[in-house]
Amino acid sequence: MTETRWTTATGSDVVARFCPSPTGNPHVGMARTALFSWAFARHHGGRFVFRIEDTDASRDSQESYDLLLDVMRWLGLDWDEGVEVGGPNGPYRQSQRMDVYADVAQRLLDAGFAYKAYDTADELEERRNAARAAGKPSGYDGLHRDLTPEQQAAFEAEGREPVIRFKMPQRDWTFDDLVRGEITFGAENVQDFVIVRANGQPLYTLTNPVDDALMGITHVLRGEDILSSTPRQMALYEAFAEIGVGSGFTPRFGHLPYVMGAGNKKLSKRDPESNLLGYRDQGFLPEGLLNYLALLGWSIAEDRDIFSLDEMVAAFEVERVNPNPARFDLKKCEAINGDHVRLLAPDEFVRRLLPYLPEGVDADVVTQAAPLVQERSNLLTEAADMLAFLFAGDDFAVDPDDAAKQLNEDGLEVAKAAREALAELGEWTTEGIEASLRQALVEERGLKPRLAFGPVRVAVTGKRISPPLFESMELLGREVSLARLDAVL
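All letters in the sequence shown, in the order written, are residues 39 to 527 by my numbering.
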């Protein structure tokens, strides 16, 4: 495929953006949008803007804002302009830009691109029901589009507070979607829409395109759930050009596919697997999670699933995004993360693992033990869980289910024989431990290795699944290993 190098109408660099609302916990779909927008900007040598859409004071929270920053930093999706880092087009929180939106709304009114509408909710509902009954579109019918000053005064005398509606040009709207190709919306499906509530609160329909225009955004990648808003924004950009808001350039739009969850339903931010911070808590690596999120609608090559963020940036072409819904598969996500765990250098694996272990653990012991679990773990929490027996101290306990299966009467006989053999061992090394146990349990008692070493493993590590037994016992030490065998006996 021939690579497309994007520039604006004036030849300037690509400027992409990510603009979430600080409501609730950051979710998977949000991260996928941020990743694709970031990768697009980085691939084309452009700028990435991170701003916050926090005009809904009833739902927005400082906690959610802080979580968004935390997640972006954890994922490693850096931004050139926006919250916390500043830039020439700030402020970058919409709650701090209300004067900007009020000015633009007034200019749209003054130039005849918008108008005040005084319809009550009951009147709107009655007319919409009538339109549906007649088989017509149920959007706004334009009744207050051309009110005279006298009519406006009469409504205001009744105590009615108007909304501000944008006056949509009566024509079809066609655009070339970066992901989906050419799309057309008929004029009958795009009616006049509200840009400012009756209480003066600007809506997303105004604030989002105003910010894009003033911040020089050239490419907008977003979810397909807001595809239908594109004609409205295109019309606004035409109006902005007339009233001097922005550069007169209309961004290119690309609408990313839905992320589907269980039951082939759209993944909701309320679904447990959608909670982004939960993945960090579970021990996912940011590069592993991003690798999987990239696969939800895009691929680096037909026969390749594992790649780094740098490799994604080098290869990312928005034309390769598949418009069809992508299904989130947690098992595959974990498997891909496991590949990234195994790609870590040993010292880096230890550094990533330490926060998941009890505070104050001996880092030297972790460094020695890490190779025993790195190849066996998909998640850092799995690695930490497998190493927990090394740092349990007086809190060590054998898993009761594993004890029931391995430390029955026969298992305790095996543990006793192992204890006796190890008591005679001279140098406490992996090789010595293995030789001693093989001689006592496999050679002399004729047991298969699984039956010979299973009871010992459970007695010493507390679980049937653990790092390699002999290496684990060397790390644990003679005194503790023998004491744990004594405890089960």
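Don't be surprised by glycine CBs; every beta carbon is placed ideally from N, CA and C.
When we look at the beta-carbon of residue i and count the other beta-carbons within 10 Å, is it buried (16 or more) or exposed?
| i | result |
| --- | --- |
| residue 250 | buried |
| residue 408 | buried |
| residue 384 | exposed |
| residue 126 | exposed |
| residue 173 | exposed |
| residue 27 | Because the chain in this structure spans residues 39 to 527, residue 27 falls outside the shown range and cannot be described. |
| residue 487 | exposed |
| residue 219 | exposed |
| residue 527 | exposed |
| residue 280 | exposed |
| residue 431 | exposed |
| residue 99 | exposed |
| residue 269 | buried |
| residue 71 | buried |
| residue 75 | buried |
| residue 54 | buried |
| residue 426 | buried |
| residue 393 | exposed |
| residue 10 | Past the edges of the chain, shown from 39 to 527, lies residue 10, and the structure says nothing about it. |
| residue 217 | buried |
| residue 168 | exposed |
| residue 119 | buried |
| residue 324 | buried |
Between which residues of its own chain and residue i is the CB-CB distance below 7 Å, once the five residues before and five after are set aside?
| i | result |
| --- | --- |
| residue 274 | 204, 247 |
| residue 320 | 417, 419 |
| residue 328 | 73, 113, 347 |
| residue 322 | 375, 417 |
| residue 227 | 175 |
| residue 333 | 343 |
| residue 444 | 492, 493, 496, 502 |
| residue 429 | 395, 396, 399 |
| residue 309 | 299 |
| residue 139 | 240, 244, 245, 248 |
| residue 207 | 273 |
| residue 224 | 210 |
Who pairs with residue i in a beta bridge, going by DSSP?
| i | result |
| --- | --- |
| residue 277 | Residue 277 pairs with nothing; no bridge assigned. |
| residue 65 | 313 |
| residue 293 | 260 |
| residue 85 | 53 |
| residue 145 | Paired residue(s): none; residue 145 is not in a bridge. |
| residue 131 | 90 |
| residue 203 | 153, 232 |
| residue 240 | 234 |
| residue 423 | According to DSSP, which records beta bridges pairwise, residue 423 is partnered with nothing at all. |
| residue 220 | 214 |
| residue 136 | Note: residue 136 sits in no beta bridge, so no partner. |
| residue 119 | 87 |
For residue i, I'd like the list of residues in its chain whose CB is within less than 6 Å of its CB, leaving aside the five on either flank, ordered along the chain.
| i | result |
| --- | --- |
| residue 360 | 335 |
| residue 529 | Nothing in the structure corresponds to residue 529, since the chain is present only between 39 and 527. |
| residue 478 | 455, 459 |
| residue 306 | none |
| residue 523 | 453, 457, 497 |
| residue 395 | 422 |
| residue 49 | For residue 49, the predicted structure reports a pLDDT of 41, less than 50, and the residue's modelled location is therefore unreliable. A value from the coordinates is still provided. If we look at residue 49 and ignore the five residues flanking it on each side, it has no Cβ neighbours. |
| residue 365 | 298 |
| residue 47 | Residue placement at residue 47 is poorly supported in this model, since its pLDDT is 37, which falls under 50; the coordinates still yield a value, given next. Once the five neighbours on either side are set aside, the close Cβ partners of residue 47 are 287. |
Say whether chain B places a C-beta atom closer than 7 Å to the C-beta of residue i.
| i | result |
| --- | --- |
| residue 182 | Absent from the structure is chain B; it holds one protein chain and no more. |
Less than 8 Å between C-beta atoms, sequence neighbours within five positions excluded: which residues of the same chain meet that for residue i?
| i | result |
| --- | --- |
| residue 515 | 466 |
| residue 158 | 198 |
| residue 184 | 153 |
| residue 520 | 457, 460, 461 |
| residue 512 | 466, 467, 468, 471 |
| residue 97 | 59, 61 |
| residue 441 | 496, 526 |
| residue 294 | 70, 71, 74, 217, 259, 260, 261, 262, 335, 359 |
| residue 150 | 205 |
The stretch 187-197 touching the stretch 210-223, judged by at least three CB pairs closer than 8 Å: Taking a cut-off of 8 Å for Cβ pairs, the stretch 187-197 and the stretch 210-223 do not touch, as fewer than three such pairs fall below it.
Looking at C-beta atoms only, is the number of pairs between the stretch 80-100 and the stretch 126-137 that lie closer than 8 Å three or more?
The stretch 80-100 is in contact with the stretch 126-137.
Q) Pairing CB atoms from the stretch 170-185 with CB atoms from the stretch 220-231, are three or more of them under 8 Å? A) Contact holds: three or more Cβ-Cβ distances are below 8 Å.
In the stretch 319-395, which residue ranges form an unbroken alpha helix (DSSP H) of at least 4 residues, counting only runs that do not cross its ends? Qualifying alpha helix (DSSP H) stretches, in chain order: 324-332, 347-353, 368-381, 384-391.
**OP:** Evaluate the contact criterion for the stretch 435-451 versus the stretch 495-509: three or more CB pairs, one atom per stretch, below 8 Å.
**Re:** The stretch 435-451 makes contact with the stretch 495-509: 3 or more CB pairs, one atom from each, lie closer than 8 Å.
Unbroken stretches of the alpha helix (DSSP H), 4 residues or longer, contained in the stretch 426-475: Scanning the stretch 426-475 for uninterrupted alpha helix (DSSP H) segments of 4 residues or longer gives 438-444, 447-461, 468-475, listed from N- to C-terminal end.
Going along the chain, which unbroken runs of the alpha helix (DSSP H) with 4 or more residues stay wholly within the stretch 495-524? The alpha helix (DSSP H) runs lying completely inside the stretch 495-524 and spanning 4 residues or more are 507-514, given in chain order.
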